Each structure stands twice: as structure tokens, then as C-alpha cells.
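Data first, discussion second: the structure below is written as C-alpha cells.
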Amino acid sequence: MTDSTALLSPIVEPDAPEVRRKAETHRSGADLAFRGIARGAGFAVLAIMILVGGFLALRATDALKSAGWSFFTVQAWDPDAGPGNFGILSVLVGTMLIAGVAISIAIPLSIGTALYISEYAPRKLRSTLTAVIDLMAAVPSVIYGLWGFFFLQWQGIDLSKWLAKAFGGWLPFLSVEGDPNDPLATETMFTSSTFIVGIVVSLMITPIAASIMREVFSQTPMGEREGAYALGATRTGMVAMVVIPFGRGGIIGGLMLGLGRALGETIAVYMIISLVTKVQPHILENGGSSISALIASRYGDASGFGLSALMAAGLVLFLFTLIINFAAASIVSRSRSGAASDG
Amino acid sequence: MTMTEDAPVVDRSPAAEPAVEPATAVAVEPEPEVLRRTTGTPRTTILAGLGALIASLSVTSLLFTELTAMSGMLAFLCVAYVIFVGVYACLLSFDEDGPAIRDRIASVLVQSLAYLLFTALVFILVFTIVRGKEALVHPNLFTEDMTTATPLDPLEMGGILHAIVGTLIQISIALTITVPLGIAAAVYLSEIPGRMGRFVRTIVEAMTALPSIVAGLFIYSALIWTQLVPKSGLAAALAISVMMLPIVIRSADVVLRLVPGNLKEASYALGAGQWRTVWHVVLPTTRSGLTTAVILGTARGIGETSPVLLTAGYTLALNANPLNEPMVSLPLAVLNFVKSPQPTMIARGFAAGVTLLVLVMILFVIARLIGGKPAGQIGKRRAKRRAQASKRDFRRIEAQHRRAAAAADQFGADPAAVVAGTSDGAGR
Numbered sequence: 001m002t003d004s005t006a007l008l009s010p011i012v013e014p015d016a017p018e019v020r021r022k023a024e025t026h027r028s029g030a031d032l033a034f035r036g037i038a039r040g041a042g043f044a045v046l047a048i049m050i051l052v053g054g055f056l057a058l059r060a061t062d063a064l065k066s067a068g069w070s071f072f073t074v075q076a077w078d079p080d081a082g083p084g085n086f087g088i089l090s091v092l093v094g095t096m097l098i099a100g101v102a103i104s105i106a107i108p109l110s111i112g113t114a115l116y117i118s119e120y121a122p123r124k125l126r127s128t129l130t131a132v133i134d135l136m137a138a139v140p141s142v143i144y145g146l147w148g149f150f151f152l153q154w155q156g157i158d159l160s161k162w163l164a165k166a167f168g169g170w171l172p173f174l175s176v177e178g179d180p181n182d183p184l185a186t187e188t189m190f191t192s193s194t195f196i197v198g199i200v201v202s203l204m205i206t207p208i209a210a211s212i213m214r215e216v217f218s219q220t221p222m223g224e225r226e227g228a229y230a231l232g233a234t235r236t237g238m239v240a241m242v243v244i245p246f247g248r249g250g251i252i253g254g255l256m257l258g259l260g261r262a263l264g265e266t267i268a269v270y271m272i273i274s275l276v277t278k279v280q281p282h283i284l285e286n287g288g289s290s291i292s293a294l295i296a297s298r299y300g301d302a303s304g305f306g307l308s309a310l311m312a313a314g315l316v317l318f319l320f321t322l323i324i325n326f327a328a329a330s331i332v333s334r335s336r337s338g339a340a341s342d343g
Numbered sequence: 344m345t346m347t348e349d350a351p352v353v354d355r356s357p358a359a360e361p362a363v364e365p366a367t368a369v370a371v372e373p374e375p376e377v378l379r380r381t382t383g384t385p386r387t388t389i390l391a392g393l394g395a396l397i398a399s400l401s402v403t404s405l406l407f408t409e410l411t412a413m414s415g416m417l418a419f420l421c422v423a424y425v426i427f428v429g430v431y432a433c434l435l436s437f438d439e440d441g442p443a444i445r446d447r448i449a450s451v452l453v454q455s456l457a458y459l460l461f462t463a464l465v466f467i468l469v470f471t472i473v474r475g476k477e478a479l480v481h482p483n484l485f486t487e488d489m490t491t492a493t494p495l496d497p498l499e500m501g502g503i504l505h506a507i508v509g510t511l512i513q514i515s516i517a518l519t520i521t522v523p524l525g526i527a528a529a530v531y532l533s534e535i536p537g538r539m540g541r542f543v544r545t546i547v548e549a550m551t552a553l554p555s556i557v558a559g560l561f562i563y564s565a566l567i568w569t570q571l572v573p574k575s576g577l578a579a580a581l582a583i584s585v586m587m588l589p590i591v592i593r594s595a596d597v598v599l600r601l602v603p604g605n606l607k608e609a610s611y612a613l614g615a616g617q618w619r620t621v622w623h624v625v626l627p628t629t630r631s632g633l634t635t636a637v638i639l640g641t642a643r644g645i646g647e648t649s650p651v652l653l654t655a656g657y658t659l660a661l662n663a664n665p666l667n668e669p670m671v672s673l674p675l676a677v678l679n680f681v682k683s684p685q686p687t688m689i690a691r692g693f694a695a696g697v698t699l700l701v702l703v704m705i706l707f708v709i710a711r712l713i714g715g716k717p718a719g720q721i722g723k724r725r726a727k728r729r730a731q732a733s734k735r736d737f738r739r740i741e742a743q744h745r746r747a748a749a750a751a752d753q754f755g756a757d758p759a760a761v762v763a764g765t766s767d768g769a770g771r
């Protein structure tokens, strides 16, 4: 004991007080240049993004200031006739209706498809189906628009007619003006409708949502799956008790990203819908509207003030998708989904 | 999986108990144990499915032709499907219990939803290709523009060369802007963390929500309406860039954050600076992921119609100059062709759509081939090149070693102190 202390003492108690080494970073010239360039790129991107957002907001204030609250309560769109003659009520409602139809079709379709790929499909098929879904998420919207315009619009008449006849009586939004039973009524009553556009947009956003959900479902910890099976669960029981609770964040996040896309979708809507600037609550009937379709069809002959009004409409759309995207991101990051498995 | 082991145990338990009395044991023994099948579909389920299918088709036909006034193919399928599920559950209840029936019904629902989606998606592709085939078989489609043909001319005249060239020029300009800027910004976000980086990341994430039409409207009112830039390929490319930049940065940022920390730390421990670490470790490690991010961004940019609609103008002529005069891209050509009532123009529109689809698919397949490799894995050819480079390094270090030894001989110093430990780690 004493030996060891005697041996240690000169080490523990140094003659001179210890000088702490300062941890300094010496960066070489190349490092400094690299940091400068990277920082420059970051700031450049920031500048571009703020420029876009700032410019939109700045130009939009012209119209917003002169229109005041009437911007949100007026249905018509005639900015050149002065304040009080233009507002986004009808287009905003139209946008919501299209997104609503799209998302209510996309919910069962995307969840079903994601579950099928990750749980039910034969193992050999899985990677192919995943590739198909990812590819469809990359297919340009103009292709979906073509299909909707030349095929669904006409073949979907039967479905619209049937829905109007069967449910139009007691569900007001499925009713149509005029008699759906009238055999002489013109067929175009059911074309170019919010419902048709909603179906097309739903097919566009389902692959996006399904792809995110599948990713999350496939990360379900194996231990928890096996635990459910060991307790005697059927496959459906296991999916309902383990996979879906685990993937809830992914389901909501995927659907909200899809919703964001549905709100902003332009070309398919612009191709199919016949734009009316009054609130059209009958989704099966010809005519509808969306903010993006309004911009696409009115930008060309807009005056300076008209452009400012369109900017204001675009800004409202942007804020909407922004809120939805951030909500989706925070839901996905807060949920357990994607957490490392301990099973 | 565990059920396979459980089932026989449960079956055997009554037999195991009376093992003391040989008589009962003998009576039970000869009955061969039937193993429960846990894979594949039981025959009863298949038969129930077939029965339900026949029943639903017949009942629905009866409803549609005799009993009610319903009509239409889609309505028929809807009604038939509902009846099928009902009858199927009913038939299964004869030889299955509650949870098993629920399991079967749920898998029927999930499978039919998936098949419905896949059918619809494949149908959309096939529909486009079939309608475009008529125009696609004429090779002049790819070698001529529309100045030589009026909408009434047959498909032997005119083509979409101008749109193909326009798409390629616009996407090239957009890529020259977005790839360096986007990847440098993503490197900034992941390598130089801090409050500023977090702010930039938030703004970039916010901008991914920017609807493409609003990006187009921005370029239109900031550059075209103020007459800084005419409606041209450049304006369209800028609009596409504004839309693509956040997408590329975001996906590149995700990839860069996946670089294993120990790789970077190893590099720093060997004395490399930040720049060398990024250039020799981070970027090579994430090469396949970054390429995929760029390619998927490109596929998105190529197919975008709405920003181009507002900024590119419309022309029938081939225009290879992005600075002046309108320039058409493929999606814009599709949109304008199918507006025409002439069947030949519509056929050309579909053909342009198929061309666009093929471009996107090629990009997608390339992305799948390159991507999919997690950070740190490298291909055969790159592994070979790496090995060669490391041999070169080894020779260089050996030469240095010899030089040092020679120098040591000359000045009488200890050679080991000069090149301590350099040669043993270098060969790896």
C-alpha cells in the first residue's frame, strides 16, 4: 500500500500546475474555402426561397389590401371590376371538394395497397409491386389527366348517374340539379365534374401515400409480429394489433403528403374540369373549380392587379399546403414509426 | 410460425395423460396424427370463394336484368362485389370460427383494394400507349416539328421533335442550376450544423410545399410580366428549378445524414481535414443515394406541366435557343395537342405522352439500378479502382519510407522515427 502511494505520488502531484490544453481547430485553406462555398450555397438557396416567398407575399398584398375580407367571401373572379368583385370562396371550396373526394378514395386504396404489399403479397412479388408503386408516383400528372379526360370522364358517367340515383335523394352533395332518372337528359351533365377530377387526383396521390406507408409498415419489429402470432393471432389480427398501430404515424403522414399534392394539383384538374367561379356543392355535376386551375386559366389575360389577385390566391394555396406538410412531418417524426426495432 | 409447434401439442395432450394405462394408450395410438396445414389456402376457402363468386354474379345479373332498373358496368361490379363478400362470409361460417372468418374477409378486402389500384394504374399506362400507338409507328414523329403539318394533315406529316428538344434543353438548364447548388446546400446542412443550418432546412422543407403552379406564377410575374426575360426555354427552366431545388436538397440531405459517423471519424482520426473528408469519404459513400435523389428530381421536373405552361409560351417550330422565342416541352405539347378536336392531333398528343412516359421510365430504371445500395456499399468496378488506388498509395509510402531511410543513413538519424508506422496500415 505504502509502496504504491510512494510510487504514485510524483505522478499525481506534479511540480508545476497543469496547463490545460486548449482544444482549437486549425482549418487549412482548403477547409476554409470548402466551408465558405458550402455556406454560400446554403445562403444562396435561402435567398432564392425567401425571394420567392417574399415576392409572392409582397405582390399579393396589393390585392388583399384593396379587397379586404371580401377576398374570402366573394365567389366571382373579376379583379378588374374592382374590390368586391373577386374572391376565392368558390375556388377554395372547389379545391377542398376535389381534395376531399381524392383523399376519401385514397385512404382505403393506399392503406389496402400498402398492407397488401408488406403483409399479404407473395414474397416474390413484393419488390416488383413496390417498384410499380414508386414508378406510378413518378408518372407525370399530364398522363393521368389524359386518362381522365379521354376515358374516365365518359366511362364514369354510369357510376355518377348511379350514385346520383341511388344516394342523391338523401345525401345532398350527391344530388344533381335536374332529374337523374330522365333518360333524355344530356350525358354531359355528369362530365367535367368535381367527382371525376377527384378520382383522377386520387389515383395520382395514392401511389405517393402507399409508398410512404409501405416503407413504415415494413419496419414493424419482427419480435412484435411473432409475439402476436405466438399469442394465437390470425394474420389480420396481427396486422390490426401490431402493424397498424406501429405504422399509424406513417399512415397519417403519407395521407397528408398526398393531400398536399391533391390541393396543389393543376394540370389534371385544368384539363378535365369546366371552371365555374361559383360555389358548386354538387360534386357529381358538371362544373367545379380549384385555385390552381383558376391560375392556369386566368394568368394569360390578367392585368397587373389581376396578377396580384392571382398571387393572393396562390399564396392562400401555398399556406394551406405548407400547414399540411408541416403537420405531416411532425406527425411522422413524433410517432414510433420508423424507430429502430428492438425485437 | 409458432403455431406449427403448438398445434400438435394441444392435440396430443389427452393422449399423454393416461399413459399409465396401456389399454387406452393403444386405443388412441393408431389414429395417425393429422398435422394442421399452416401454409397455402385451405380447400374449403377456395371452394367458398368460387361459390361466392358464382352466387354473386348470378344474383347481380338477376338484379340488373329483372328486378331493378340499375344499369352500367361499374355499378354492376360494385353491387356484385358487395354480394360476393357477404356470400363468402356466409359460406365460410359453415366450417370456420369468428376470428378465421374475419381474417379471410379482411384479406379479401385488402387484396381487392390492391388489385383495384394496380389494375387502374396499369390501365392508365396501357390506355396511353394504345391511344398513342397510331402516331408512334410513324418515324417522322421523332424527326419533324409541327411547322410542316396542319392539324388536319395525316400522321405521316409533322412530329414532336421540337417538344423533345425543348424538354431536353429545359431539363439540362434546370439540372445545371439545381445539382451543384442543391448538393452544395445539402452538404452545408449536414456538415456545418448550427442554428443557421436548421433555419435553412426549415425554409427548404417549407418550399417543398410550394405548388408547382405558384412557382410558375412567380417566374411569370417576376421575370416575364416585368419584361426582364421573354417567354422562353430559360424562363421555363428557371420555373422548373425553383420547383426542383427544394426536392433535390431535401432528398440529398436525407441521404447525407445516413453516412455512418465512424467513417467520418476514421477520416478525421487519420488527420484529414473537413474538405478531404467530405470529398473522399462523405460524397463517395453517398454517391448512389445522391444520384438517385437527382434522377428522381429530374423525373419530377421533366413531367411538370404547370410551371412550363405559364412561362414557356407555345410554338409549333423547333427552337434550340433557350434565350429567345417560345420553347415547347413534351408535357406542354401533350396539353396543347389534345385540346384540338382533330383525331390526328389527339393521337400526336398521346404519342408525346408516351414519349414522356418512356423518358420518365428510363430515368426511373436508372435510379433503381444505381440506388438501392445503402451508404458504404460499392460496386465491383469501383472496388477494383479503390484497390488499385490503395496499391498506388502503398507504393508511394514505401518509396517515401526508402527515401527516409536513405536520408537517415546520410544524417545518422533513426529511420523508424521518421516514418513510424506508415507502412503497416497502408496496404489496406
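As they're listed, the protein sequences go chains B and G. Per the numbering used here, residue 1 is the first one in the first sequence, and the count goes up by one each step. Per the numbering used here, residue 344 is the first one in the second sequence, and the count goes up by one each step. Glycine included, each C-beta is placed from N, C-alpha and C at the ideal position. Here the structure is a predicted model, which is why all the values come from computation and not from measurement.
Which of the three DSSP states, helix, strand or coil, is assigned to residue i?
{"i": "B/S193", "result": "strand"}
{"i": "G/G614", "result": "coil"}
{"i": "G/L532", "result": "helix"}
{"i": "G/L652", "result": "helix"}
{"i": "G/L666", "result": "coil"}
{"i": "B/G288", "result": "strand"}
{"i": "B/L97", "result": "helix"}
{"i": "B/W77", "result": "strand"}
{"i": "B/L275", "result": "strand"}
{"i": "G/Y458", "result": "helix"}
{"i": "B/F326", "result": "helix"}
Assuming residue i contacts residue j under a Cβ cut-off of 8 Å, what Cβ separation, rounded to an integer in Å, is found between them?
{"i": "B/R27", "j": "G/I535", "result": "At roughly 12 Å, the Cβ-Cβ gap does not stay under 8 Å, so B/R27 and G/I535 are not in contact."}
{"i": "G/V530", "j": "B/A38", "result": "5 Å"}
{"i": "G/G640", "j": "B/A30", "result": "Between B/A30 and G/G640 the Cβ distance is about 29 Å, and since that is not below 8 Å, they are no contact."}
{"i": "B/T236", "j": "G/S450", "result": "7 Å"}
{"i": "G/G632", "j": "G/V598", "result": "3 Å"}
{"i": "B/F151", "j": "G/F470", "result": "6 Å"}
Does the distance from the CB of residue i to the CB of residue j come in under 8 Å?
{"i": "B/S202", "j": "B/A102", "result": "yes"}
{"i": "G/A655", "j": "G/A579", "result": "yes"}
{"i": "B/I105", "j": "B/M213", "result": "no"}
{"i": "B/L263", "j": "B/L317", "result": "yes"}
{"i": "B/I98", "j": "B/Q153", "result": "no"}
{"i": "G/G644", "j": "G/I562", "result": "no"}
{"i": "B/T220", "j": "B/V200", "result": "no"}
{"i": "G/L706", "j": "G/I507", "result": "no"}
{"i": "B/L89", "j": "B/A312", "result": "no"}
{"i": "G/L577", "j": "G/L666", "result": "yes"}
{"i": "B/S193", "j": "B/N286", "result": "yes"}
{"i": "G/S594", "j": "G/A636", "result": "yes"}
{"i": "G/E487", "j": "G/G502", "result": "yes"}
{"i": "G/W777", "j": "B/L51", "result": "Since the first residue of chain G shown is 344 and the last is 771, residue 777 of chain G is not available in this structure."}
If the cut is a Cβ gap below 9 Å, which residues of chain G does residue i touch?
{"i": "B/L355", "result": "Only positions 1 to 343 of chain B appear in this structure, which leaves residue 355 of chain B out of reach."}
Mind listing the chain B neighbours of residue i? Cutoff is C-beta to C-beta under 7 Å, in chain order.
{"i": "G/V703", "result": "A138, V139 and P140"}
{"i": "G/Q454", "result": "Y116 and Y120"}
{"i": "G/P564", "result": "Looking at the sequence shown, residue 564 of chain G is not Pro but Ser. Here the neighbours are R59, L307 and M311."}
{"i": "G/S594", "result": "In chain order: nothing, as chain B lies at least about 13 Å away."}
{"i": "G/A694", "result": "Ordered by position in chain B, no residue passes the 7 Å Cβ test against G/A694, which lies about 11 Å from the chain."}
At 8 Å on the CB atoms, spell out the chain B contacts of residue i, in chain order.
{"i": "G/T551", "result": "N325"}
Which bits of chain B does residue i rub up against, with CB to CB less than 9 Å?
{"i": "G/T471", "result": "I143, L146 and W147"}
If the cut is a Cβ gap below 8 Å, which residues of chain G does residue i touch?
{"i": "B/V52", "result": "M550, L553, A558, F561 and V585"}
{"i": "B/I48", "result": "V585 and L588"}
I want to check one thing, is the minimum distance from the CB of residue i to the heavy atoms of the ligand ZN below 7 Å?
{"i": "B/G249", "result": "Among the components of this structure there are no ligands whatsoever, and the ligand ZN is therefore not found."}
I'd like the ranges of any alpha helix (DSSP H) spanning at least 4 consecutive residues and lying wholly in the stretch 400-438 of chain G.
416-435
Suppose only complete runs of 4+ residues qualify. What are the alpha helix (DSSP H) ranges in the stretch 193-252 of chain B, listed by chain order?
For the stretch 193-252 of chain B, whole alpha helix (DSSP H) runs of length 4 or above, ordered along the chain, are 194-217, 222-230 and 235-238.
Contained alpha helix (DSSP H) runs [length at least 4] in the stretch 530-590 of chain G, N- to C-terminal order
538-550 and 555-562
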